[in-house]
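Peer 1: Below is one structure. I have some questions about it.
There are 2 protein chains.
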Amino acid sequence: MLFLVLSLLPLSILASPLAPPTKYGVLLFTAFQALDVFGPLDVLNTLSFTEKNLTLSILSRELSPVSTLPLTMGTKFGQSVVTTHTLSSPPPDLEVLIVPGGAGTRAPDLSAEIEFIRNIYPSLRYLVSVCTGNALVARAGVLDGRKATGNKKAWSWVTQQGNKTHWVAKARWVVDGNIWSTSGVSSAVDGTLNFVEKVYGEGIARDVEIGIEWTRIRDPSQDEFADIWGAKDVLPLE
Amino acid sequence: MLFLVLSLLPLSILASPLAPPTKYGVLLFTAFQALDVFGPLDVLNTLSFTEKNLTLSILSRELSPVSTLPLTMGTKFGQSVVTTHTLSSPPPDLEVLIVPGGAGTRAPDLSAEIEFIRNIYPSLRYLVSVCTGNALVARAGVLDGRKATGNKKAWSWVTQQGNKTHWVAKARWVVDGNIWSTSGVSSAVDGTLNFVEKVYGEGIARDVEIGIEWTRIRDPSQDEFADIWGAKDVLPLE
Chain C
0 MLFLVLSLLP LSILASPLAP PTKYGVLLFT AFQALDVFGP LDVLNTLSFT EKNLTLSILS
60 RELSPVSTLP LTMGTKFGQS VVTTHTLSSP PPDLEVLIVP GGAGTRAPDL SAEIEFIRNI
120 YPSLRYLVSV CTGNALVARA GVLDGRKATG NKKAWSWVTQ QGNKTHWVAK ARWVVDGNIW
180 STSGVSSAVD GTLNFVEKVY GEGIARDVEI GIEWTRIRDP SQDEFADIWG AKDVLPLE
Chain H
0 MLFLVLSLLP LSILASPLAP PTKYGVLLFT AFQALDVFGP LDVLNTLSFT EKNLTLSILS
60 RELSPVSTLP LTMGTKFGQS VVTTHTLSSP PPDLEVLIVP GGAGTRAPDL SAEIEFIRNI
120 YPSLRYLVSV CTGNALVARA GVLDGRKATG NKKAWSWVTQ QGNKTHWVAK ARWVVDGNIW
180 STSGVSSAVD GTLNFVEKVY GEGIARDVEI GIEWTRIRDP SQDEFADIWG AKDVLPLE
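Protein sequence lines, in the order shown, are assigned to chains C and H.
The numbering of the first sequence is numbering that gives the first Met the number 0, which starts it at 0 and goes up by one.
The numbering of the second sequence is numbering that gives the first Met the number 0, which starts it at 0 and goes up by one.
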């Protein structure tokens with residue numbers, strides 16, 4: 000009888016609660032850190048060679064390309080990435096959002112980015128938050144009551160951006176509920192591969208890992224950089 | 000007397016033979032691998048926070064943005080990067096060229112890219128060649144008589160693109176003269192950090208490495224992927 004009922008249901012409805020996500024977005028802002036973005040995206044680009052239904056929206060305040068160049072640090076060496084959507088017109092049904100870090104997370108006005116994260120989070124299935132991007136997610140209130148990590152060189156600053164979060168120092172990444180927060184820059188690849196493993200399966204994550212020749216850290220507590228930068232856990236204020 | 004002569008020379012002339020390079024370029028083509036580009040560039044972006052005179056040209060056939068999306072693999076998940084120069088109008092005095100790999104290295108017509116590499120190499124100070132990008136560099140004749148490595152998953156194809164090269168299988172990267180050739184994708188970061196160490200100094204490379212939280216492989220022969228993909232050395236024909 001159960002078999003009969005199930006077999007009458009459209010396959011898409013039957014499968015949808017368990018199907019892995021397909022609709023990804025990445026938030027860009029001036030002076031994002033390139034590898035915070037293209038570490039996770041290279042994992043997902045490679046995943047998309049087999050999971051061909053994945054889509055990516057590249058979101059920023061305006062539709063013009065967004066540059067890695069900080070406005071204040073004197074460097075002239077940067078790259079610009081084409082965007083697809085503004086923060087005020089995101090695609091419907093975004094399932095996964097990636098929030099990178101970078102020097103731009105210290106810009107004086109990030110209200111549009113923080114509002115966007117606050118407003119879209121409740122409708123997401125997953126959030127991947129990288130490096131100093133965790134400061135933006137914390138300021139949006141999304142890390143309140145959660146465990147999270149972030150960039151170790153900027154640890155004291157990052158952890159001051161959210162006083163209701165348990166900031167875990169010795170962590171390459173932290174998973175709390177549907178949020179993968181990662182440490183600095185390169186750690187985003189280990190965090191994203193862990194996300195792919197949990198959501199798409201171990202074999203698929205392994206295929207990506209060896210395809211991109213990533214010497215993967217599988218234990219999230221294996222983090223030499225917490226010691227190098229002297230980062231300690233910061234507990235939430237009551 | 001020698002002191003007198005030296006002290007009369009402009010400092011720029013005196014220093015120039017030993018000064019590290021400042022003028023970088025990266026070659027883009029449709030379906031480049033994102034991390035092949037943004038691994039090295041994130042190292043150099045970070046380096047440029049202290050080495051503020053670095054510049055980057057982003058070169059491709061046309062000035063329009065270049066996409067990671069392969070034309071033939073069915074994926075819809077990609078990103079586009081803004082370019083600054085065409086291959087027919089490169090900046091004068093380019094010192095370092097980065098050549099990435101990716102599915103686009105198997106496109107039917109890469110004559111413009113191969114010609115560009117062949118023509119510009121003699122005037123470069125250094126070349127960093129990544130992943131299947133080594134196939135393009137080999138086809139340009141630049142790896143003739145040299146040792147090099149390349150992507151391990153695509154090893155048999157890469158090594159067929161240059162039969163005058165000693166292809167070293169168990170190598171995260173290979174340095175031969177002024178060419179750093181790296182294995183697949185992620186290995187480009189280890190190769191580029193080695194380049195930064197040799198050219199700018201160990202302390203500077205270390206600062207970049209711990210800033211981007213890269214768990215660095217320092218021994219170029221530490222390459223688990225040669226075994227995983229069954230890659231063996233390929234000697235030059237003679």
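Ideal placement from N, C-alpha and C gives every residue a C-beta, glycine not left out.
Values in this document were obtained by computation on a predicted structure and should not be read as measured data.
Where does the unbroken alpha helix (DSSP H) through Gly132 (chain C) begin, and where does it stop?
Peer 2: As a position in the first sequence, residue 132 (chain C) is number 133, starting the count at 1. From DSSP, the alpha helix (DSSP H) with Gly132 (chain C) extends over Gly132 to Arg138.
Peer 1: Beta carbon of Val184 (chain H), beta carbon of Leu34 (chain H): below 9 Å?
Peer 2: Looking up residue 184 (chain H) in the second sequence gives position 185. Looking up residue 34 (chain H) in the second sequence gives position 35. Against a cut-off of 9 Å, the Cβ pair of Leu34 (chain H) and Val184 (chain H) comes out as a contact.
Peer 1: Go through its chain and collect everything with a Cβ distance to Ala147 (chain H)'s Cβ below 8 Å, but skip five positions before and after it.
Peer 2: Translated into positions along the second sequence, residue 147 (chain H) becomes position 148. Cβ neighbours of Ala147 (chain H) beyond the five flanking positions: Ser128, Asn133, Val136, Ala137, Gly161, Thr164, His165, Trp166, Val167, Val173, Asp175, Ile178 and Ser180.
Peer 1: With distances taken between CB atoms, is the gap from Ala204 (chain C) to Glu196 (chain C) smaller than 9 Å?
Peer 2: Position 205 of the first sequence holds residue 204 (chain C). Position 197 of the first sequence holds residue 196 (chain C). Closer than 9 Å, so yes.
Peer 1: When you compare each of C:Ala30, C:Glu50, C:Gly140 and C:Ala230 to Gly101 (chain C) by their alpha carbons, which one comes out closest?
Peer 2: Residue 101 (chain C) sits at position 102 when you count from the first residue of the first sequence. Here the closest residue by C-alpha is C:Ala30.
Peer 1: Enumerate in chain order the residues of its own chain whose CB-to-CB distance from Ala153 (chain C) is below 6 Å, with the five nearest sequence positions on each side excluded.
Peer 2: Sequence index remark: in the first sequence, residue 153 (chain C) carries index 154 (1-based). Excluding positions up to five away in sequence, the list reads Thr131.
Peer 1: Closest to Tyr199 (chain H) by CA distance: which of H:Phe37, H:Gly38, H:Leu53 and H:Leu27 is it?
Peer 2: Position 200 of the second sequence, counting from 1, holds the residue named residue 199 (chain H). Among H:Phe37, H:Gly38, H:Leu53 and H:Leu27, the Cα nearest to that of Tyr199 (chain H) belongs to H:Leu53.
Peer 1: Alpha carbon to alpha carbon, how far is Arg171 (chain H) from Pro219 (chain H)?
Peer 2: Locating residue 171 (chain H) in the second sequence gives position 172, counting from the first residue. Locating residue 219 (chain H) in the second sequence gives position 220, counting from the first residue. Going from the Cα of Arg171 (chain H) to the Cα of Pro219 (chain H) covers about 5 Å.
Peer 1: Confirm, please, whether the CB-CB distance from Pro64 (chain H) to Val36 (chain C) is below 9 Å.
Peer 2: Translated into positions along the first sequence, residue 36 (chain C) becomes position 37. Translated into positions along the second sequence, residue 64 (chain H) becomes position 65. No, these two residues do not count as a Cβ contact at 9 Å.
Peer 1: Buried or exposed: where does Ala230 (chain H) fall if 16 or more other Cβ atoms within 10 Å of its Cβ makes it buried?
Peer 2: Along the second sequence, one-based indexing puts residue 230 (chain H) at 231. Buried, because 16 or more other Cβ atoms sit within 10 Å of the Cβ of Ala230 (chain H).
Peer 1: Name the chain H residues whose beta carbon is nearer than 8 Å to that of Gln159 (chain C)?
Peer 2: What you label residue 159 (chain C) is simply residue 160 of the first sequence in a count that begins at 1. Neighbours of Gln159 (chain C) on chain H: none; closest Cβ ~20 Å, over 8 Å.
Peer 1: Over what stretch of residues does the alpha helix (DSSP H) that includes Leu46 (chain C) continue unbroken?
Peer 2: In the first sequence, residue 46 (chain C) corresponds to position 47, counting from 1. Leu46 (chain C) -> alpha helix (DSSP H) spans Ala33 to Leu46.
Peer 1: Strictly by DSSP, which residues pair up with Asp175 (chain C)?
Peer 2: On the first sequence, residue 175 (chain C) is found 176 positions in, with the first residue counted as 1. In the DSSP output, where bridge partners are listed per residue, Asp175 (chain C) has C:Ile178.
Peer 1: Cutting at 8 Å between CB atoms, please list the residues of its own chain near Pro20 (chain H), excluding the five before and the five after it.
Peer 2: Position 21 of the second sequence, counting from 1, holds the residue named residue 20 (chain H). Glu94, Val95, Arg124, Tyr125 and Val198.
Peer 1: Can you give the Cα-Cα distance for Ala187 (chain H) and Val207 (chain H), rounded to whole angstroms?
Peer 2: Locating residue 187 (chain H) in the second sequence gives position 188, where the first residue counts as 1. Locating residue 207 (chain H) in the second sequence gives position 208, where the first residue counts as 1. The straight-line gap from Cα to Cα measures roughly 14 Å.
Peer 1: Comparing the C-beta of Ala33 (chain H) with each C-beta of chain C, is any distance below 9 Å?
Peer 2: Position 34 of the second sequence, counting from 1, holds the residue named residue 33 (chain H). Answer yes: the Cβ-Cβ gap between Ala33 (chain H) and chain C drops below 9 Å somewhere.
Peer 1: Give a yes or no on whether 9 Å exceeds the smallest Cβ distance from Trp156 (chain H) to chain C.
Peer 2: By one-based count along the second sequence, residue 156 (chain H) stands at place 157. No - not a single Cβ of chain C is within 9 Å of the one on Trp156 (chain H).
Peer 1: Which two residues bound the contiguous beta strand (DSSP E) that contains Tyr23 (chain H)?
Peer 2: To locate residue 23 (chain H), count along the second sequence from 1; it is residue 24. Element bounds for Tyr23 (chain H): Lys22 to Leu26.
Peer 1: To be precise: take each residue of the stretch 112 to 144 of chain H, compare its Cβ to all Cβ atoms of chain C, and keep it if any distance is under 9 Å. Which residues remain?
Peer 2: Listed in sequence order: Cys130.
Peer 1: Nearest chain H C-beta to Trp172 (chain C) closer than 9 Å, yes or no?
Peer 2: What you label residue 172 (chain C) is simply residue 173 of the first sequence in a count that begins at 1. False, the Cβ-Cβ gap to chain H never drops below 9 Å.
Peer 1: Listed in chain order, which residues of the stretch 62 to 77 of chain C have Cβ atoms closer than 7 Å to some Cβ of chain H?
Peer 2: Going along the stretch 62 to 77 of chain C in chain order, one finds Pro64, Thr67, Met72, Gly73, Thr74, Lys75, Phe76 and Gly77 with a Cβ nearer than 7 Å to chain H.
Peer 1: How is the beta strand (DSSP E) around Ser56 (chain H) delimited, first residue to last?
Peer 2: Counting from 1 along the second sequence, the entry for residue 56 (chain H) is found at position 57. That run of the beta strand (DSSP E) goes Thr54 to Ser59.
Peer 1: What residues from the stretch 193 to 204 of chain H come within 9 Å of chain C, judged by C-beta to C-beta, listed N to C?
Peer 2: Here the close residues number zero.
Peer 1: Give the straight-line distance between the Cα atoms of Pro69 (chain H) and Gly103 (chain H), rounded to the nearest whole angstrom.
Peer 2: Position 70 of the second sequence, counted from the first residue, corresponds to residue 69 (chain H). Position 104 of the second sequence, counted from the first residue, corresponds to residue 103 (chain H). Approximately 7 Å, taken between the alpha carbons.
Peer 1: Measuring CB to CB, does Ile209 (chain H) end up less than 9 Å from Trp156 (chain C)?
Peer 2: Within the second sequence, residue 209 (chain H) is the residue found at index 210, counting from 1. Within the first sequence, residue 156 (chain C) is the residue found at index 157, counting from 1. Result no, Cβ atoms of Ile209 (chain H) and Trp156 (chain C) do not sit closer than 9 Å.
Peer 1: Measuring CA to CA, which of C:Leu46, C:Gly202, C:Ala225 and C:Val233 is closest to Met72 (chain H)?
Peer 2: Here residue 72 (chain H) refers to the residue found at position 73 of the second sequence. Nearest of C:Leu46, C:Gly202, C:Ala225 and C:Val233 to Met72 (chain H), Cα basis: C:Leu46.
Peer 1: Could you tell me which residues DSSP puts in a beta bridge with Tyr125 (chain C)?
Peer 2: Translated into positions along the first sequence, residue 125 (chain C) becomes position 126. Answer is C:Val95, bridged to Tyr125 (chain C).
Peer 1: Report buried or exposed for Gln78 (chain H), applying the criterion of at least 16 other Cβ atoms within 10 angstroms of its Cβ.
Peer 2: Here residue 78 (chain H) refers to the residue found at position 79 of the second sequence. Buried, by the Cβ-count rule.
Peer 1: Could you please give me the residues that DSSP links to Lys146 (chain C) through a beta bridge?
Peer 2: The residue given as residue 146 (chain C) occupies position 147 in the first sequence. Answer is C:His165.
Peer 1: Quick one: which chain C residues come within Cβ less than 8 Å of Trp213 (chain H)?
Peer 2: Stepping through the second sequence from its first residue, residue 213 (chain H) is reached at position 214. The answer, in chain order, is Val184 and Ser185.
Peer 1: How big is the Cα-Cα spacing for Ser6 (chain H) and Leu26 (chain H)?
Peer 2: Counted from its first residue, the second sequence places residue 6 (chain H) at position 7. Counted from its first residue, the second sequence places residue 26 (chain H) at position 27. Since pLDDT at Ser6 (chain H) reaches only 49, below the 50 mark, its modelled position is unreliable, and the value read off the structure follows with that caveat. Computed Cα separation, rounded: 40 Å.
Peer 1: Which bits of chain C does Ile178 (chain H) rub up against, with CB to CB less than 8 Å?
Peer 2: As a first step, residue 178 (chain H) is located in the second sequence; it is residue number 179 there, counting from the start. Those do not exist, as Ile178 (chain H) stays about 19 Å from chain C at its closest Cβ, beyond 8 Å.
Peer 1: Could you name the residues of chain A that Thr54 (chain C) contacts, counting a contact when the two beta carbons are closer than 9 Å?
Peer 2: Of the protein chains in the structure, C and H, none is chain A.
Peer 1: Which value, in whole angstroms, describes the spacing of the CA atoms of Tyr120 (chain C) and Ile113 (chain H)?
Peer 2: Counted from its first residue, the first sequence places residue 120 (chain C) at position 121. Counted from its first residue, the second sequence places residue 113 (chain H) at position 114. Taking the straight line joining both Cα atoms gives about 46 Å.
Peer 1: Look at Val239 (chain C) and Thr214 (chain C) and say whether their C-beta atoms are less than 9 Å apart.
Peer 2: Outside the displayed span of chain C (0 to 237) sits residue 239 (chain C), for which this structure offers no information.
Peer 1: Report the three-state DSSP secondary structure of Val81 (chain H) (helix, strand or coil).
Peer 2: Indexing the second sequence from 1 puts residue 81 (chain H) at position 82. Correct three-state label for Val81 (chain H): coil.
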